[in-house]
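Visitor: The structure that follows is given in the form of structure tokens.
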Amino acid sequence: MDDFLLKPKRISGLPEMARRLLAVISLCLSILTPLNAAENYIVMQSTTSAKNSGLFDHILPIFKAETGIEVRVVAVGTGQAIRNAANGDGDVLLVHSREAEEQFIADGFGVKRYDVMYNDFVIVGPPDDPAKIAGSDDALWALRQIALGEHDFMSRGDDSGTHRAERRLWESLGISPSARHQRWYKETGSGMGSTLNIAVGIAAYTLTDRGTWLAFKNKQDHLIFVQGDPLLFNQYGIIAVNPERHPHVNSESAQRFIEWIRSDVGQRAIADHQIEGQSLFSPNAVAAHVQN
Amino acid sequence: MNNDGVLLQAARLIAEWDPALFEIVLLSLQVTMSAVVISCLLGLPLGAAVGAFRFHGRGAVILILNVLMGLPPVVVGLLVYLVLSASGPLGVLELLYTPTAMIIAQIVLVTPIIAALSRQVIEDLYLEYAEQFASFGVSRYTRVRALLWDARYTLPTVVLAGVGRAVAEVGAVMIVGGNINHVTRVMTTAIALETSRGDLELALALGIILLALALVVNVFVMALRGTRVRGAYA
Amino acid sequence: MPKCDAKRQSSLGEVIDSKIELPLISARDIGFSLNGQWFLKDVSITVRARKRTVLIGPNGAGKSLLLRLFHGLIPASTGEILWKGQKLSSNSQECQAMVFQRPVMLRRSVMANMRFVLGVRGFAGREQTRRAKDALEMAGLTSLASRPARVLSGGEQQCLAVARALACGPELLLLDEPTASLDPAATSRVEELITAAHERGIAVVMVTHDQGQARRMADQLVFLQSGRVAEAGDAAAMFATPKSPALRAWLDGRLFVETEAN
Chain A
0 MDDFLLKPKR ISGLPEMARR LLAVISLCLS ILTPLNAAEN YIVMQSTTSA
50 KNSGLFDHIL PIFKAETGIE VRVVAVGTGQ AIRNAANGDG DVLLVHSREA
100 EEQFIADGFG VKRYDVMYND FVIVGPPDDP AKIAGSDDAL WALRQIALGE
150 HDFMSRGDDS GTHRAERRLW ESLGISPSAR HQRWYKETGS GMGSTLNIAV
200 GIAAYTLTDR GTWLAFKNKQ DHLIFVQGDP LLFNQYGIIA VNPERHPHVN
250 SESAQRFIEW IRSDVGQRAI ADHQIEGQSL FSPNAVAAHV QN
Chain B
0 MNNDGVLLQA ARLIAEWDPA LFEIVLLSLQ VTMSAVVISC LLGLPLGAAV
50 GAFRFHGRGA VILILNVLMG LPPVVVGLLV YLVLSASGPL GVLELLYTPT
100 AMIIAQIVLV TPIIAALSRQ VIEDLYLEYA EQFASFGVSR YTRVRALLWD
150 ARYTLPTVVL AGVGRAVAEV GAVMIVGGNI NHVTRVMTTA IALETSRGDL
200 ELALALGIIL LALALVVNVF VMALRGTRVR GAYA
Chain C
0 MPKCDAKRQS SLGEVIDSKI ELPLISARDI GFSLNGQWFL KDVSITVRAR
50 KRTVLIGPNG AGKSLLLRLF HGLIPASTGE ILWKGQKLSS NSQECQAMVF
100 QRPVMLRRSV MANMRFVLGV RGFAGREQTR RAKDALEMAG LTSLASRPAR
150 VLSGGEQQCL AVARALACGP ELLLLDEPTA SLDPAATSRV EELITAAHER
200 GIAVVMVTHD QGQARRMADQ LVFLQSGRVA EAGDAAAMFA TPKSPALRAW
250 LDGRLFVETE AN
């Protein structure tokens with residue numbers, strides 16, 4: 000019926016409606032601006048492993064109290080953190096994948112890379128330890144045992160620093176576990192914590208950084224079986240995003256943060272972050288500085 | 000895991016009224032409500048216009064709205080990230096990792112829901128009114144306004160659907176907000192974070208509080224509607 | 000601003016002083032087809048001022064459709080409909096008011112329903128209030144003014160629909176089976192409203208299936224059969240001596256079967 004209706008006579012109303020709408024929306028947005036209000040702050044692209052360990056909650060308030068600069072942490076996998084920083088969506092990058100960090104500098108996205116701290120990776124697994132690797136300090140041997148016995152192993156599978164470290168280990172063994180037919184090897188495609196939840200849930204082995212493991216509260220009966228291998232060393236580096244590439248970055252505050260975290264105060268704050276009397280990260284900025 | 004423990008922890012969290020929790024709840028409400036209000040301002044007139052007018056390509060518009068209702072939040076988050084990224088077209092606004100970015104992402108998610116559902120409501124109503132309105136000589140603008148007003152007892156359900164989507168969504172706000180403590184951490188991203196920390200009880204307790212919030216919003220809307228004799232007008 | 004002459008008539012109470020029995024609507028050879036099927040064909044009717052024209056005929060004869068063509072809700076496929084010698088327009092539509100079989104009430108109060116149409120027609124402020132109150136008074140609905148319109152009884156709703164139609168001061172009132180679903184008491188109240196409007200000089204075109212109503216209300220009668228005018232003329236004469244077999248059958252309450260097709 001409606002299709003036959005005579006042509007409408009008055010159409011002046013619509014633009015008026017649109018105008019009113021715009022007015023109300025701009026009003027709404029102007030009310031919202033206090034939400035975004037911020038003084039001096041920088042955005043740090045970092046990794047889930049560092050964030051989940053609780054390190055930032057410990058050290059960043061100290062930095063802010065000292066300098067008034069707020070550090071806003073976006074925690075994603077190392078791969079994504081580097082891509083976000085390359086897009087200019089951050090002022091500082093704190094990740095743990097040396098090769099990728101150096102590539103980031105080489106591509107002109109970062110100013111200079113500094114060592115900050117390290118921790119180590121550990122292999123955790125179910126209490127019955129079906130691969131019989133408990134107590135080993137040979138990561139390659141342990142992983143080979145897992146692969147030979149086809150015991151369930153959870154991989155991050157998200158191109159994070161931890162995932163890259165894990166892939167390097169498999170490569171030196173000459174095993175490519177992510178091939179389709181390897182049913183014991185599962186990629187979660189998610190962060191360290193989610194991967195640990197899954198590993199605990201299905202009684203699988205996995206490679207995790209010690210910091211996340213110590214802070215993780217859903218361990219149930221899972222245990223550390225392999226640690227202490229130099230191959231499991233996990234170095235974190237910090238890089239300021241290059242202001243020549245992205246002029247909008249808060250380069251001054253970023254430099255200030257890098258100086259602080261490498262200073263005695265910052266390094267001590269890192270060492271002070273402990274769970275059950277154990278430091279989650281070992282500061283090594285000064286040593287690295289000497290090496291350089 | 001002990002379920003009593005979870006309920007107890009949720010109750011304790013609320014009872015102690017931890018300022019950090021308060022901050023997260025408040026930001027959740029601010030972001031969600033702002034997004035829903037703006038989505039209504041956009042979606043209701045759009046839905047009413049599509050419901051009340053016949054034009055070329057109308058079928059396609061309805062189809063698009065219905066498809067957009069099912070937009071995955073992660074995809075929306077990614078799109079909004081690409082637009083707001085410093086390297087993106089709107090990078091100069093420096094909105095990424097702010098609550099405004101989260102509101103924008105949720106507007107993209109919620110507006111199609113409001114528009115598509117209100118389109119159906121308004122269209123049904125307009126079928127009833129069409130001849131009478133034509134006889135009165137009602138202008139286009141008045142038609143949309145009158146239909147929106149006369150659907151006022153049905154549309155709250157539409158708005159609640161939008162609120163539900165916004166308040167429960169985590170994928171989009173995680174990407175564009177970054178889950179930054181004290182800045183962009185909301186209920187859902189806090190739950191995701193606690194889950195990844197393995198603190199499943201705290202995560203669940205936060206989930207219960209989120210549920211309670213949704214309950215409060217729903218009761219509020221129902222009470223608002225109940226103050227008028229609904230049956231009388233429907 | 001006022002598009003309709005009658006709008007200068009400020010009050011419902013005043014008699015419209017239009018020239019006696021001037022043709023308001025002249026329909027010549029109009030037809031309406033949809034998807035190749037003709038629902039109206041070769042219909043020529045003149046509706047005069049101050050007169051009550053009643054359209055009768057079996058279901059599907061095209062009575063309601065004809066009303067919609069007069070009102071400009073649907074354009075005719077062929078032929079020509081003139082309003083006071085001019086083509087139909089928004090102007091002619093505003094000089095008419097239509098009441099539908101099922102009253103369409105906005106989900107608002109009785110008063111707000113009155114105000115809505117008055118607002119649409121450009122009445123504002125005091126004039127709006129005055130007209131709304133007068134119309135409700137006339138329809139005996141004053142005490143229900145603040146009630147939601149949709150809780151009114153069917154009869155009250157139809158009275159409100161007629162009052163709402165009259166509030167804008169039309170010259171022609173179009174009614175599509177206004178009492179089809181009403182009980183006798185409500186029917187007579189609606190008829191009273193229509194009669195009162197007619198006595199103030201408003202022309203009426205009404206569709207009905209109720210023979211008694213047609214006898215009570217009609218000055219002129221048009222009998223439609225299968226989309227054509229089977230018989231038309233002075234109501235009293237047509238009731239007294241129906242010429243066409245179809246009308247005779249209708250008056251007798253028999254089912255008319257077209258034996259010799261045209």
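Chains as they are written, first to last, in numbering that gives the first Met the number 0: chain A, 0 to 291; chain B, 0 to 233; chain C, 0 to 261.
No residue lacks a Cβ here, since even glycine has one placed at the ideal position from N, Cα and C.
Keep in mind that this is a model prediction, so the values were computed, not measured.
(1) Would you mind telling me which residues of chain B sit closer than 8 Å to residue 222/C, beta carbon to beta carbon, in chain order?
(2) What did DSSP end up calling residue 170/C once you bin it into helix, strand or coil?
(3) Going by C-alpha distance, which of 80/C, 119/C, 153/C, 197/C is nearest residue 99/C?
(4) Taking 9 Å as the threshold (beta carbon to beta carbon), is residue 67/C in contact with chain B?
(5) In this structure, how does DSSP classify residue 153/A when only helix, strand and coil are distinguished?
(6) Run through DSSP, which three-state label would residue 101/A get?
(7) On a CA-only basis, which of 79/B, 121/B, 190/B, 220/B is nearest residue 51/A? Give me that one, please.
(8) Once DSSP output is grouped into helix, strand and coil, what is the label at residue 5/C?
(9) With a Cβ-Cβ cutoff of 9 Å, do residue 148/C and residue 104/C count as a contact?
(10) In the DSSP output, which residue or residues are listed as bridge partners for residue 205/A?
(11) Quick check on DSSP: helix, strand or coil for residue 51/C?
(12) Residue 175/C by DSSP, collapsed to three states: which one?
(13) Report the residue ranges of all alpha helix (DSSP H) runs contained in full by the segment 25 to 92 of chain B; include only those spanning at least 4 residues, in chain order.
(14) For residue 271/C, which three-state DSSP category applies?
(15) Would you call the CB atoms of residue 162/A and residue 130/A closer than 9 Å?
(16) Are three or more beta carbon pairs between the segment 26 to 45 of chain C and the segment 175 to 187 of chain C nearer than 8 Å?
(17) On the DSSP bridge list, what partners appear for residue 233/C?
(18) Taking the C-alpha atoms as reference points, what is the distance between residue 116/B and residue 153/B?
(19) Have a look at residue 93/C and residue 24/B and give me their C-alpha separation to the nearest angstrom.
(20) Which residue from 165/B, 126/B, 211/B puts its Cα closest to that of residue 68/B?
(21) Given residue 138/B, which residues of its chain have a CB within under 6 Å of its CB, disregarding the five upstream and five downstream residues?
(22) Give the DSSP-derived three-state secondary structure of residue 251/C in the structure shown.
(23) Mind checking which residues open and close the alpha helix (DSSP H) that includes residue 188/B?
(24) Can you check whether the CB of residue 197/B is closer than 9 Å to the CB of residue 222/A?
(25) Does the CB of residue 196/B have a neighbour CB from chain A at under 9 Å?
(26) Tell me, which residues are paired with residue 80/C by DSSP?
(27) Which chain C residues sit within Cβ distance under 8 Å of residue 136/B?
(28) Quick check on residue 130/B - is its C-beta less than 9 Å from some C-beta in chain C?
(29) Could you name the residues of the same chain whose beta carbon sits closer than 8 Å to that of residue 172/A, not counting the 5 residues immediately before and after it, in chain order?
(30) Step through the CB atoms of chain B and report whether any lies within less than 9 Å of the CB of residue 106/C.
(31) At 7 Å on the CB atoms, spell out the chain A contacts of residue 182/B, in chain order.
(32) Since residue 204/A and residue 152/A should fall inside the 8 Å C-beta cutoff, what is the C-beta to C-beta distance between them, to a whole number of angstroms?
(33) List the residues of chain B whose Cβ lies closer than 9 Å to the Cβ of residue 99/C, in chain order.
(34) Measure the Cβ-Cβ separation of residue 61/B and residue 118/B and say whether it is below 9 Å.
(35) Quick one, are the C-beta atoms of residue 224/A and residue 128/A less than 9 Å apart?
(36) I'd like the span of the beta strand (DSSP E) that includes residue 71/A, first residue to last.
Guide: Taking the structure as given:
(1) The premise fails here: residue 222/C is roughly 25 Å from chain B at the closest Cβ pair, so nothing lies under 8 Å.
(2) coil
(3) 153/C
(4) yes
(5) strand
(6) helix
(7) 190/B
(8) Residue placement at residue 5/C is poorly supported in this model, since its pLDDT is 47, which falls under 50; the coordinates are not used for a value here.
(9) yes
(10) 123/A, 153/A
(11) strand
(12) strand
(13) 57 to 67, 72 to 83
(14) Any question about residue 271/C goes unanswered here, given that chain C covers just 0 to 261.
(15) no
(16) no
(17) 219/C
(18) 10 Å
(19) 55 Å
(20) 165/B
(21) none
(22) helix
(23) 186 to 195
(24) no
(25) yes
(26) 26/C
(27) 89, 92, 93, 119, 120
(28) yes
(29) 139, 142, 143, 146
(30) yes
(31) 71
(32) 5 Å
(33) 130, 131, 134
(34) yes
(35) yes
(36) 69 to 75
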